[in-house]
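Numbering (the UniProt record's numbering), first residue to last: 1 to 36.
Every residue gets a Cβ at the ideal spot worked out from N, C-alpha and C, and that includes glycine.
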């Protein structure tokens with residue numbers, strides 16, 4: 001049981017990092033477009 005909870009937490013953290021990275025990439029691209 002404990003292992004599956006850890007696995008879920010790990011997946012959740014990975015997913016949050018992925019979302020965060022996508023948001024950052026989007027922000028950077030958005031800012032670059034505004035600079036042009």
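Quiz item: What separation, rounded to the nearest whole angstrom, lies between the Cα atoms of residue 15 and residue 30?
Solution: 22 Å
Quiz item: Considering residue 36, what are the terminal residues of the alpha helix (DSSP H) in which it resides?
Solution: Run containing residue 36: none; DSSP gives neither H nor E here.
Quiz item: Quick one: Cα of residue 22 to Cα of residue 28, how far?
Solution: 10 Å
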